[in-house]
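Number 265 in the working numbering belongs to position 264 of the sequence shown; there are no gaps in the numbering.
We put the beta carbon where it would ideally sit given N, CA and C, even for glycine.
Being a predicted model, the structure only gives us computed values, none of them experimental.
Please read the structure below before turning to the comments.
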Amino acid sequence: MITELKRSVQYLKGVGEKKAKKLSKLGIRTIGDIIYDYPRDYEDRSNMKKICNIIDGESVMIMGTVINKQKGQFRRNKKIPFKLLVEDGTGTVEIVFFNASYYDSKFQIQKSFLFYGKASLSLGRMQMVHPDFFEKDEKIRPLVAIYPLTEGLSQKERHKIQELCMPYIHTIEEYLPEDTMKRNRLCDITYALNHIHDPDNERSMKQAKFRLVFEELLLLQTGLLMIKEQIKENQKGIIFPKNNSVDDFIKRLPFELTTAQKRVVDEILTDMVNDKIMNRLVQGDVGSGKTVVAAAAVYKAVISGYQSALMAPTEILARQHYHTFKALFKAFDLQVAFISGSTPKKEKLQIITDLESGKIDLLVGTHAVIQDHIKFAKLGLVITDEQHRFGVKQRAALSEKGQNPDVLVMTATPIPRTLALILYGDLDISIIDELPPGRKDIKTYTIDEKKRNAAYDFVMKEIKKGRQAYIVAPLIEESEVLDAKSATDVYEEVLLNFPHCKAALLHGSLKQTEKDDIMEAFSKGEVQVLISTVVIEVGVNVPNATVMLIENSERFGLAQLHQLRGRVGRGDDQSYCILICSSKNEVAQERVNILEQTGDGFIIAEKDLNNRGPGDFFGTRQHGVPQLKIANLFQHIKVLKQVQEESKILLEEDLFLKKEKHKSIRKKVIDLFESNENFSL
């Protein structure tokens, strides 16, 4: 069986080297790859209509009788297409074929055929160009699979190759445990693979799809949980002394921790004092106070004789953390250093020396912290912020700077727990689901283009009160393709209409030193309006900024808009977020209106998932999560919840699936994760 499925498609009858090369562009190289290359959609050929009811632009099946035909021929060097006129008693439709005069003998006058294709209105007459056609009594499949294609490969050719591989499905043995299939009412693998490619009807297709979606998510979730348990079993972590309390640090804070912060600090400290490596994700909405929770962990590490490192994806965010930690540790004898690609050579050499000698307690930086020449005397705690922006190897490289250090991951991007268990399957999850008391809600308004001037006037009123503002645009410069505001245009408008206002333009194309200078000036109040692209999405903390105005808000994701809104509301004054929605599309308007209704990032994330449709949340490859072929983390969230229950049952009975009845599913999990360096059973 294994040998057959691993055979190259090149050696299938009618495929050959040329088609095999085309298929390889789709990641298809073997017979097994063909079988597990699922359709992206289906044509519904059960939609039979009378000609009089056809709608322009719809794909439809009709049955009609040929009443006239026009042969394809050359006329004045121009090729005339082969045309048929077909009627069904309610109307007529013109069937058009190019370069197909050989059809003349096929289509006889007064003979009836079935035609399936896209209808279009041309010069007042309904047409179908190059439809599929069938004899009147021919058996028609109600659903026809549509596969992903590449240049030079047609659906017809792809279907022929699929048909060649279908007999091999019967060589595949069931690999899901019998109990799992009964508990979740799953069809067997043979039925699933046959009916996903060639369904009898919609019901059989849905049965097949449910089985394959469930299976894919089950293998993924089970593998991630096994990785998590494997790390705990195989690697002993640092045991930080229990009697080294962080109470002194917490008592000296100028504010009291929220109940949620206290709970998460306790969870972290419990991890740190046992012999397992801490791998914990701290999720918290914008402004929930994740940094002070991380600071408590750093304090615990330092008083226990260990160093800490924090890596952030951008220099702006890294610098922000550096200043925050410096302020939090001001009352203590803790040495905090900052390093990035732009750190001067002399300063960098001093940091390297002090780090190796143990003088530095916490190193904060960008990717620069994982450079080969950065060595720690005794690294005990590793923190990454906005982890989804780092690759798997980058995160691993930071941990390798120490001897099995504890790992803390922070994210301000709310993710529903169900989804977090997939994206961060090897981590324990802590959620700070409470904002500090007294924090005012950010008043959010959605307006259209007509009210832009009024919005800008409001921004300037806030400036005259001594406040500051952000204006965010989706583009850096004007585009001929996209109808959207650019940051450059907005900057010029502000300078023209408000000459006494101190404005600055910030975007990703600037040099890092230029970005830092602009942010420094904004932080100090020397710049009143910061016009920017999304580079300020995370890592900017200016309490005096009270307005966030976002141009073309319909061009941003909901979660991204929420992150941008979180840049204001950090001081004592009332803050505002104004979303200019330039689209008249109802769906786009409803989407941005959600932000008017709630400030809860987790609710917004759920809505974002529901609205987003197919896609890749953060890019799962960044997480080290294998790519999904048929399951969709957004559309199949209910199935995922069911899968997580099943995975829990499986692993509670047999943690590493070593029992005989789990042998097949264990092999499938290993195959799925063969490229993950953390997974080696």
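| Whole-angstrom distance between residue 644 and residue 605, CA atom to CA atom | For this step, residue 605 is matched to residue 604 along the sequence shown. For this step, residue 644 is matched to residue 643 along the sequence shown. If I take the Cα positions, the gap works out to 24 Å.
| task | May I ask you to report which of helix, strand or coil DSSP gives residue 229? | result | For the purposes of this step, residue 229 is identified with residue 228 of the sequence shown, where counting begins at 1. Helix at residue 229.
| field | Spatial distance of residue 532 from residue 582 (CA atoms) | value | Translated into the one-based positions of the sequence shown, residue 532 becomes position 531. Translated into the one-based positions of the sequence shown, residue 582 becomes position 581. Roughly 18 Å between the two C-alpha positions.
| task | Assign residue 587 to one of two classes, buried (16 or more other C-beta atoms within 10 Å of its C-beta) or exposed (fewer than that). | result | Position 586 of the sequence shown, counting from 1, holds the residue named residue 587. Classification for residue 587: exposed.
| task | Name the two residues that bound the continuous alpha helix (DSSP H) containing residue 99. | result | Locating residue 99 in the sequence shown gives position 98, counting from the first residue. Per DSSP, residue 99 belongs to no alpha helix (DSSP H) and is neither H nor E.
| message | Excluding the 5 residues flanking residue 53 on each side, which residues of the same chain have their C-beta closer than 6 Å to its C-beta? | response | Counting from 1 along the sequence shown, the entry for residue 53 is found at position 52. Answer for residue 53: 91, 92, listed in chain order.
| task | Report buried or exposed for residue 249, applying the criterion of at least 16 other Cβ atoms within 10 angstroms of its Cβ. | result | Translated into positions along the sequence shown, residue 249 becomes position 248. Residue 249 comes out exposed.
| task | Inspect the beta-carbon positions of residue 469 and residue 526 and report whether they are closer than 9 Å. | result | As a position in the sequence shown, residue 469 is number 468, starting the count at 1. As a position in the sequence shown, residue 526 is number 525, starting the count at 1. Taking 9 Å as the Cβ cut-off, residue 469 and residue 526 qualify as a contacting pair.
| query | So the beta strand (DSSP E) residue 312 belongs to, where does it begin and stop? | reply | On the sequence shown, position 311 is the one that residue 312 refers to. Taken as a continuous stretch (DSSP letters only), the beta strand (DSSP E) holding residue 312 covers 308 to 312.
| field | Under the three-state DSSP convention, the category residue 385 falls into | value | Locating residue 385 in the sequence shown gives position 384, where the first residue counts as 1. DSSP places residue 385 in strand when its eight states are reduced to three.
| Neighbour-count burial assignment, residue 225, 16 or more Cβ in a 10 Å radius | Walking along the sequence shown from the start, residue 225 turns up at place 224. Burial call: buried.
| If we count the other Cβ atoms within 10 Å of its Cβ and call it buried at 16 or more, is residue 210 buried or exposed? | Reading the sequence shown from its first residue, position 209 is the one you call residue 210. The residue in question, residue 210, is buried, as its Cβ has 16 or more Cβ neighbours within 10 Å.
| Span of the alpha helix (DSSP H) around residue 36 | Taking the first residue of the sequence shown as position 1, residue 36 is located at position 35. Its alpha helix (DSSP H) spans residues 32 to 36.
| message | Tell me which residues share the same chain as residue 292 and place their Cβ nearer than 6 Å to its Cβ, disregarding the 5 neighbours each side in the sequence. | response | Stepping through the sequence shown from its first residue, residue 292 is reached at position 291. For residue 292, where only same-chain residues beyond five positions count, the Cβ hits under 6 Å are 325.
| residue 142 (DSSP reduced to helix, strand or coil) | Taking the sequence shown and counting its residues from 1, the one referred to as residue 142 is at position 141. Three-state DSSP puts residue 142 in coil, outside helix and strand.
| task | Could you tell me whether the Cβ atoms of residue 559 and residue 609 are closer together than 9 Å? | result | As a working note, residue 559 is residue 558 in the sequence shown. As a working note, residue 609 is residue 608 in the sequence shown. Yes, they are a contact pair.
| said: I'd like to know whether the C-beta of residue 553 is nearer than 9 Å to at least one C-beta of chain B. | reply: Checking the listed chains, one finds no chain B in this structure; it contains a single protein chain.
| said: What does the alpha-carbon distance come out to for the pair residue 339 and residue 278? | reply: The residue given as residue 339 occupies position 338 in the sequence shown. The residue given as residue 278 occupies position 277 in the sequence shown. Cα to Cα, the separation comes out at about 26 Å.
| Is the beta carbon of residue 106 sitting closer than 9 Å to the one on residue 66? | The count along the sequence shown starts at 1 and reaches residue 106 at position 105. The count along the sequence shown starts at 1 and reaches residue 66 at position 65. Taking 9 Å as the Cβ cut-off, residue 106 and residue 66 do not qualify as a contacting pair.
| said: Based on DSSP bridge pairs, tell me the residues matched to residue 111. | reply: Within the sequence shown, numbered from 1, the residue matching residue 111 stands at position 110. None, per the DSSP bridge assignment.
| Looking only at its own chain, which residues have a Cβ that is under 6 Å from the Cβ of residue 664, when we skip the five neighbours before and after it? | In the sequence shown, counting from the first residue as 1, residue 664 sits at position 663. Closer than 6 Å at the Cβ level, and outside the excluded window around residue 664, lies no residue.
| request: Could you check what DSSP says for residue 217 in three-state terms: helix, strand or coil? | output: Within the sequence shown, residue 217 is the residue found at index 216, counting from 1. It is helical.
| request: Would you check if the distance between the CB atom of residue 86 and the CB atom of residue 63 is smaller than 9 Å? | output: Here residue 86 refers to the residue found at position 85 when the sequence shown is read from its first residue. Here residue 63 refers to the residue found at position 62 when the sequence shown is read from its first residue. Not in contact: residue 86 and residue 63 (Cβ atoms no closer than 9 Å).
| message | Can you tell me whether residue 332 is helix, strand or coil according to DSSP? | response | Position 331 of the sequence shown, counting from 1, holds the residue named residue 332. Residue 332: coil per DSSP, three-state reduction.
| query | Within the chosen definition, does the region 255 to 262 reach the region 289 to 305 through at least 3 CB pairs nearer than 8 Å? | reply | yes
| message | In the DSSP output, which residue or residues are listed as bridge partners for residue 469? | response | Counted from its first residue, the sequence shown places residue 469 at position 468. Bridge partners of residue 469: 546.
| query | Can you tell which of 201, 160, 214, 30 has the C-alpha that lies nearest to the C-alpha of residue 630? | reply | Locating residue 630 in the sequence shown gives position 629, counting from the first residue. The option with the nearest alpha carbon to residue 630 is 214.
| query | Between 83, 43, 486, 473, which lies nearest to residue 504 when the distance is taken from Cα to Cα? | reply | Numbered from 1 along the sequence shown, position 503 holds the residue referred to as residue 504. Ranking the options by Cα distance to residue 504, first place goes to 473.
| said: Report the start-end ranges of each alpha helix (DSSP H) in the region 249 to 325 that is 4 residues or longer and not cut off at the edges. | reply: 260 to 273, 291 to 304
| message | I need the boundaries of the alpha helix (DSSP H) containing residue 91, first residue and last residue. | response | Here residue 91 refers to the residue found at position 90 of the sequence shown. From DSSP, residue 91 is part of no alpha helix (DSSP H); its letter is neither H nor E.
| said: Taking 9 Å as the threshold (C-beta atoms), are residue 530 and residue 464 in contact? | reply: If you number the sequence shown from 1, residue 464 lands on position 463. If you number the sequence shown from 1, residue 530 lands on position 529. Yes.
| Just how far apart, CA to CA, sit residue 238 and residue 352? | If you number the sequence shown from 1, residue 238 lands on position 237. If you number the sequence shown from 1, residue 352 lands on position 351. Cα-Cα distance, rounded: 27 Å.
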